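*Asks:* One structure is given below, represented as structure tokens, and several questions about it will come after.
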Amino acid sequence: MTTEEHYGLLGGSLDFIEEIKTYVPNLDQQVYGCLERLRLLLVSTERKYPDVTINKWVPELLTHVYGQQEAEKILQKFHSMPPGYWNIER
1 MTTEEHYGLL GGSLDFIEEI KTYVPNLDQQ VYGCLERLRL LLVSTERKYP DVTINKWVPE
61 LLTHVYGQQE AEKILQKFHS MPPGYWNIER
């Protein structure tokens, strides 16, 4: 599943995911670009505090995809950097 912003969800066996990573080496970092896009969307709609975790589904989706511990690490890392940091490709 992908979006017009070129973000998507990838599921499958570990072997399948590892095979895809050989073609998309920054796959694990792309989640931060997606979160940044959501933050920019909230800014553009003039929300006073553009925190993507206001959207209840974001942490739930990350937990479903990555597991509780990894989802918490992702959100912590995302929030540790200033707005706009994740706009550039990493």
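Just so it is clear: in the sequence shown, position 83 is 83 by full-length UniProt numbering, and no numbers are missing. Yeah, the Cβ is synthetic: ideal placement off N, Cα and C, and Gly gets one too. From a predicted model like this one, the values you see are computed outputs, not experimental measurements.
(1) So, residue 65 versus residue 9, is the Cβ gap smaller than 8 Å?
(2) Is it right to say residue 57 is buried, meaning 16 or more other beta carbons lie within 10 angstroms of its own, or is it exposed?
(3) Can you tell me whether residue 12 is helix, strand or coil according to DSSP?
(4) Leaving out the 5 sequence neighbours to the left and right, which residues in its chain are closer than 6 Å to residue 78 when beta-carbon positions are compared?
(5) Could you check if residue 74 is buried or exposed, using at least 16 other CB atoms within 10 Å of its CB as the buried criterion?
(6) Closest to residue 81 by C-alpha separation, out of 24, 68, 39 and 69, would be which residue?
(7) Among residues of its own chain, excluding the 5 on either side of residue 21, which ones have a beta-carbon nearer than 7 Å to its beta-carbon?
(8) Going by DSSP, what residue range makes up the alpha helix (DSSP H) through residue 45?
*Replies:* With the given structure in hand:
(1) On the sequence shown, residue 65 is found 65 positions in, with the first residue counted as 1. On the sequence shown, residue 9 is found 9 positions in, with the first residue counted as 1. A contact, by the Cβ cut-off of 8 Å.
(2) On the sequence shown, position 57 is the one that residue 57 refers to. Answer is exposed; the Cβ neighbour count stays below 16.
(3) Position 12 of the sequence shown, counting from 1, holds the residue named residue 12. Reduced to three states, the DSSP call for residue 12 is coil.
(4) In the sequence shown, residue 78 corresponds to position 78, counting from 1. Cβ neighbours of residue 78 beyond the five flanking positions: 32 and 35.
(5) Here residue 74 is taken as the residue at index 74 of the sequence shown, counted from 1. In this structure residue 74 is buried. Its beta-carbon is surrounded by 16 or more other beta-carbon atoms within 10 angstroms.
(6) Looking up residue 81 in the sequence shown gives position 81. Its Cα nearest to that of residue 81, the residue 39 stands out among 24, 68, 39 and 69.
(7) Along the sequence shown, one-based indexing puts residue 21 at 21. Cβ neighbours of residue 21 within its own chain (closer than 7 Å, five residues either side excluded): 27.
(8) In the sequence shown, residue 45 corresponds to position 45, counting from 1. Segment: none, residue 45 is in no alpha helix (DSSP H) and carries neither H nor E.
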